[in-house]
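Here UniProt numbering is used: the first residue of the sequence shown is 1, the next is one more, and so on. Ideal placement from N, C-alpha and C gives every residue a C-beta, glycine not left out.
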Amino acid sequence: MTVKGRRQEYVEATRAALLDSALRLFTEKGFAQTSLDEVATAARLTKGALYHHFASKRALFEEVLATVNDRIAETVMGAGAGEGGPWARLMRGLDAYLDACLDLEYQRICLQQAPVVLGWERCRELEARMMGLLDAMLRELAASGQTRLQPSPLLTRVLFRMLSEAAMVIGESADPKATRSEVGVLVRELLQSVHKGNADVIASR
């Protein structure tokens with residue numbers, strides 16, 4: 001390996017260590033109660049090394065948020081791939097997302113802290129990948145003739161906001177697992193009301 005290659009490997013490892021430490025501390029203590037000194041110490045790095053990668057605590061938090069969002073998006077994408085028709089894949093993606101809402105990191109970072117730290121507008125920008133996945137699934141479903149709804153940016157946004165609110169309900173519940181199950185049934189029933197045919201519905205249960 002060249003010197004440049006080793007240096008790049010070190011840079012990437014340093015960045016990953018800082019993000020891991022920040023994710024753990026932001027999840028456990030919250031953004032306001034976590035200092036950059038703590039993040040650097042937990043990563044066994046200097047504060048100078050942290051500032052080399054992140055200009056501020058807000059910038060660090062935004063990168064942590066993007067990391068968690070990407071992880072959830074990959075999970076949903078994986079669940080929505082594979083065998084079955086568009087409806088079955090949409091339902092698998094939906095279940096994967098609702099299961100992710102039980103993840104403490106997703107609850108604390110994405111649902112609870114992000115709107116406060118970054119504001120709703122920036123959060124919406126960072127949700128673009130998840131909205132893109134939902135839009136693609138809805139368009140595939142419409143192309144198959146299995147829904148009465150016509151895909152549009154408005155439809156995607158409304159359904160995504162419904163799922164976001166469902167995620168908040170799960171995260172705030174005293175019994176998240178029971179609430180996740182209840183929310184799953186409700187969302188499925190709402191979507192099934194505009195579904196043409198029952199074959200894929202039955203197969204996806």
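Identified DSSP bridge partners for His53: The residue given as residue 53 occupies position 53 in the sequence shown. His53 is not bridged to any residue.
Hey, which unbroken runs of the alpha helix (DSSP H) at 4 residues or more fall wholly within the segment 61–90? If only uninterrupted alpha helix (DSSP H) runs of at least 4 residues are considered, none is enclosed by the segment 61–90.
Inter-residue Cα distance where the pair is Met137 and Glu105: Working through the sequence shown from its first residue, we reach residue 137 at position 137. Working through the sequence shown from its first residue, we reach residue 105 at position 105. Looking at the two C-alpha atoms, the distance is approximately 26 Å.
Give me the residue from Glu172, Leu133, Thr46, Arg71 with the minimum Cα distance to Leu111. Within the sequence shown, residue 111 is the residue found at index 111, counting from 1. Ranking the options by Cα distance to Leu111, first place goes to Glu172.
Only counting the same chain, and skipping five residues up and downstream in sequence, which positions put a Cβ closer than 8 Å to that of Ala81? Reading the sequence shown from its first residue, position 81 is the one you call residue 81. The residues are Arg89.
When you compare only the Cα positions, how much space is there between Ala42 and Ala167? As a working mapping, residue 42 is identified with position 42 in the sequence shown. As a working mapping, residue 167 is identified with position 167 in the sequence shown. Cα-Cα distance, rounded: 30 Å.
May I ask you to list the residues that DSSP assigns as paired with Thr147? As a working note, residue 147 is residue 147 in the sequence shown. Answer by DSSP bridge pairing, in chain order: His195.
Once the 5 residues before and after Glu140 are set aside, which same chain residues still bring their CB inside 6 Å of it? Residue numbering aside, residue 140 sits at position 140 when the sequence shown is read from its first letter. Excluding sequence neighbours, Glu140 sits near Pro86.
With distances taken between CB atoms, is the gap from Arg188 to Met77 smaller than 8 Å? As a first step, residue 188 is located in the sequence shown; it is residue number 188 there, counting from the start. As a first step, residue 77 is located in the sequence shown; it is residue number 77 there, counting from the start. In this structure, Arg188 keeps its C-beta atom at 8 Å or more from the C-beta atom of Met77.
Report yes if the C-beta distance between Leu65 and Ala114 is below 8 Å; otherwise report no. Translated into positions along the sequence shown, residue 65 becomes position 65. Translated into positions along the sequence shown, residue 114 becomes position 114. It is a contact, given that the beta carbons lie within the stated cut-off.
Taking buried to mean at least 16 other C-beta atoms within 10 Å of its own C-beta, is Gln146 buried or exposed? One-based indexing of the sequence shown puts residue 146 at position 146. Result: buried.
Residue range of the unbroken alpha helix (DSSP H) whose run includes Arg122: Indexing the sequence shown from 1 puts residue 122 at position 122. It spans 120–126 - the alpha helix (DSSP H) in which Arg122 sits, taken as one unbroken run.
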